[in-house]
Amino acid sequence: MYLVTSESMRAVDREAIDKHNIPSLDLMEKAGQGIAERLLSHNIIDPSGDNKVAVICGKGNNGGDGFVVARYLHEAGINVCLFFIGPVNVLSKDASVNHNRSVKCGVPLTEIKKIADLDDIRNCSHIIDALFGTGFKGSPRDLSAEVIEFINEQKAAVIAIDMPSGLNADKGIHQGAVIRADYTFALALPKYGLFLSPGRELAGVVDIVPIGIPDEVMKMQKLSHTLITADMVSSKLPERDPQAHKGDFGKLLLISGSTGMTGAACLSASSALRTGCGIVRVGCPQGVQPVLAVKLTEAMTQPLPDISKKGVLALRSLGEIRKLSNEHDAIAIGPGLGLHHETQELVRRFITKNEKPIVIDADALTALSGDMNALIESKAPIVLTPHSGEFQRLTGETVPDDIQDRFKIALDFAKNYNVTLLLKGSPTIIACPNGNCYLNPTGNHGMATAGSGDVLTGIIGSLLAQGMTAQDAAICGAFIHGTAGDIAADALTPRAMIAGDMIDSLPEAFALLP
0 MYLVTSESMR AVDREAIDKH NIPSLDLMEK AGQGIAERLL SHNIIDPSGD NKVAVICGKG
60 NNGGDGFVVA RYLHEAGINV CLFFIGPVNV LSKDASVNHN RSVKCGVPLT EIKKIADLDD
120 IRNCSHIIDA LFGTGFKGSP RDLSAEVIEF INEQKAAVIA IDMPSGLNAD KGIHQGAVIR
180 ADYTFALALP KYGLFLSPGR ELAGVVDIVP IGIPDEVMKM QKLSHTLITA DMVSSKLPER
240 DPQAHKGDFG KLLLISGSTG MTGAACLSAS SALRTGCGIV RVGCPQGVQP VLAVKLTEAM
300 TQPLPDISKK GVLALRSLGE IRKLSNEHDA IAIGPGLGLH HETQELVRRF ITKNEKPIVI
360 DADALTALSG DMNALIESKA PIVLTPHSGE FQRLTGETVP DDIQDRFKIA LDFAKNYNVT
420 LLLKGSPTII ACPNGNCYLN PTGNHGMATA GSGDVLTGII GSLLAQGMTA QDAAICGAFI
480 HGTAGDIAAD ALTPRAMIAG DMIDSLPEAF ALLP
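For what it's worth, numbering that gives the first Met the number 0 labels the leading residue of the sequence shown as 0, then goes sequentially.
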């Protein structure tokens with residue numbers, strides 16, 4: 000599902016209306032009807048319950064969508080009261096038509112002239128925000144700002160149409176009063192601002208409502224960035240044969256661990272197994288192997304030559320690692336390896352000659368900093384998973400705040416080095432050498448904790464070992480990792496969760512996929 004800016008959404012609308020002869024009133028009708036049906040079918044509003052719903056409309060087409068929603072809810076037997084910022088003669092053409100339709104079907108309707116006109120919504124169970132739409136810029140003023148603050152003070156569940164009013168659709172920021180929504184129903188296509196903080200926190204649960212725009216209209220706009228969805232992830236995960244054995248579900252070699260950092264290896268190995276990998280072997284320094292053997296029950300541990308008394312991999316272990324890699328389907332390298340110069344040289348030499356699908360993270364990324372020849376020379380499918388600091392060490396470039404600029408530098412890197420780049424952050428984005436770019440909507444600030452990246456490495460390594468492409472492993476890995484983080488945060492709070500909680504939440508994350 001493509002992501003759009005406010006400008007590209009307007010272009011999509013214009014194309015549908017002007018070139019495909021779809022009346023704008025029809026698009027508005029489908030939008031309002033679709034939202035009303037989702038509210039009832041998803042039991043956000045219980046059709047059999049004692050609900051009172053306030054719909055608060057602005058002057059533009061977002062307000063027009065609100066009028067349609069109110070009419071459909073009213074016809075479904077819901078107790079609806081409709082409010083709008085008038086007067087009627089300032090409503091947009093389509094909003095005016097739907098205002099009149101609401102009046103004709105008997106929806107109680109009040110023009111808001113002062114905040115006291117909204118007193119009736121204090122007892123409402125739900126408030127639908129239809130004040131401003133995708134094209135809103137700047138800061139709400141005067142009565143509109145007061146209305147937004149009044150809505151936020153109520154105990155009712157708040158449902159936003161397309162965007163929480165006051166939120167910038169492109170950047171996810173606001174310059175004044177802004178709606179705090181429990182649910183947002185984005186129309187036709189999701190907007191970037193719904194997935195960029197603070198917008199993602201203000202939007203609540205985001206759902207996409209089709210409004211009848213043909214697929215070919217989307218394609219003509221040459222939209223380039225895609226939102227990862229649960230349906231997408233579910234469709235990409237490999238089928239599991241009921242008659243299979245453990246070897247059929249992939250063999251992952253994890254090169255990881257050093258003195259004082261065995262936890263990283265343990266987290267990666269455990270998450271790889273929880274993601275369905277049949278066999279996981281941890282290649283680790285000989286000095287720390289006894290520790291990992293105690294920590295890990297299901298994963299195997301392989302002691303490798305280390306530097307005496309240092310507990311880090313020695314360069315002379317390269318031959319043994321290459322031999323082991325031939326016995327496995329995919330490689331994960333980096334978590335907890337340490338930064339000894341000999342270990343870093345080992346990483347570079349291994350990556351240069353490796354031909355197995357590989358995910359590179361953590362200390363292995365640092366080993367590549369300043370010397371990217373290993374990536375250029377490697378013929379293997381590669382996934383890199385840097386956070387912003389690691390990306391800056393790799394490239395010398397600061398990761399920009401603007402999402403469009405972030406996509407650009409990520410895509411340039413992916414193309415230049417022929418790798419799949421998973422750039423961790425809020426939000427995480429994935430750029431592929433074929434030009435595809437993806438935004439991951441899952442995850443939360445509780446995942447900013449030691450070991451979170453190690454869990455992600457294990458998930459992606461597991462998916463590579465199970466036969467997924469680098470692009471699909473990164474897409475699915477990011478989404479599943481974030482979903483597990485969201486489950487852990489809901490159960491434990493973002494403040495209290497730790498990396499191991501994400502591993503414990505992986506079964507539920509998979510269960511939530513359609």
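C-beta: ideal position from N, C-alpha, C; glycine also.
Specify the secondary structure class of residue i as computed by DSSP and reduced to three states.
i	result
methionine 299	strand
valine 204	strand
asparagine 88	helix
histidine 340	helix
cysteine 475	helix
leucine 312	strand
isoleucine 332	strand
isoleucine 212	coil
aspartate 360	coil
isoleucine 306	coil
valine 102	helix
leucine 462	helix
isoleucine 381	strand
leucine 511	coil
leucine 2	coil
leucine 317	helix
isoleucine 438	The question names isoleucine, yet the displayed sequence has leucine at residue 438. Here leucine 438 sits in strand by DSSP.
Under a Cβ-count criterion, where at least 16 other Cβ atoms within 10 Å of its own Cβ denotes burial, should residue i be classed as buried or exposed?
i	result
serine 47	exposed
glycine 434	exposed
aspartate 328	buried
glutamine 403	exposed
leucine 90	buried
proline 213	exposed
cysteine 104	exposed
glutamate 354	exposed
lysine 29	buried
alanine 155	buried
arginine 405	buried
glycine 445	buried
alanine 202	buried
Write down the C-beta distance between residue i and residue j rounded to the nearest angstrom, noting that I regard them as a contact closer than 8 Å.
i	j	result
lysine 250	glycine 277	7 Å
alanine 180	valine 216	Not quite, the Cβ-Cβ distance comes to about 27 Å (not below 8 Å), so this is no contact.
leucine 295	aspartate 453	That belief does not hold up - the Cβ atoms of leucine 295 and aspartate 453 are roughly 13 Å apart, past 8 Å.
aspartate 93	serine 23	6 Å
isoleucine 55	isoleucine 127	7 Å
isoleucine 227	proline 440	7 Å
threonine 274	glycine 457	7 Å
Residue i to residue j, Cα distance in whole Å?
i	j	result
leucine 345	proline 356	18 Å
leucine 312	serine 257	8 Å
glycine 424	histidine 386	6 Å
leucine 438	isoleucine 428	5 Å
threonine 492	leucine 291	29 Å
cysteine 431	tyrosine 1	16 Å
serine 138	alanine 187	25 Å
alanine 168	alanine 176	15 Å
alanine 495	valine 106	47 Å
proline 289	glycine 171	49 Å
isoleucine 306	proline 334	18 Å
glycine 310	isoleucine 479	33 Å
aspartate 489	methionine 501	11 Å
leucine 108	alanine 185	25 Å
glycine 588	methionine 231	The question about residue 588 has no answer, for the chain in this structure spans 0 to 513.
glutamate 374	aspartate 360	Looking at the sequence itself, residue 374 is leucine, so the reference to glutamate does not match. Between leucine 374 and aspartate 360, the C-alpha separation is close to 13 Å.
isoleucine 497	glycine 481	13 Å
serine 40	glycine 31	14 Å
isoleucine 381	threonine 351	11 Å
lysine 18	aspartate 12	10 Å
aspartate 401	leucine 393	20 Å
serine 255	threonine 342	11 Å
glutamate 389	leucine 410	16 Å
arginine 140	alanine 53	21 Å
valine 3	proline 86	32 Å
cysteine 283	glutamate 200	41 Å
asparagine 50	leucine 38	12 Å
leucine 130	lysine 58	7 Å
glutamate 507	alanine 271	15 Å
What are the start and end residues of each continuous beta strand (DSSP E) run of 3 or more residues lying completely inside the segment 224-300, in chain order? Taking only runs of at least 3 residues, the beta strand (DSSP E) segments lying wholly in the segment 224-300 are 224-226, 250-254 and 278-284.
Beta strand (DSSP E) segments (min. 3 residues) lying fully within the segment 390-430: Listed in chain order, the complete beta strand (DSSP E) runs (minimum 3 residues) inside the segment 390-430 are 419-422 and 428-430.
Those runs of the beta strand (DSSP E) which lie wholly inside the segment 109-152 and span at least 3 residues: Within the segment 109-152, the complete beta strand (DSSP E) runs of at least 3 residues are 125-129.
Could you tell me which whole alpha helix (DSSP H) segments of length 4 or greater appear in the segment 22-81? 23-40 and 60-74
Can you list the beta strand (DSSP E) stretches of 3 or more residues lying completely in the segment 148-196, in chain order? 156-160 and 182-186
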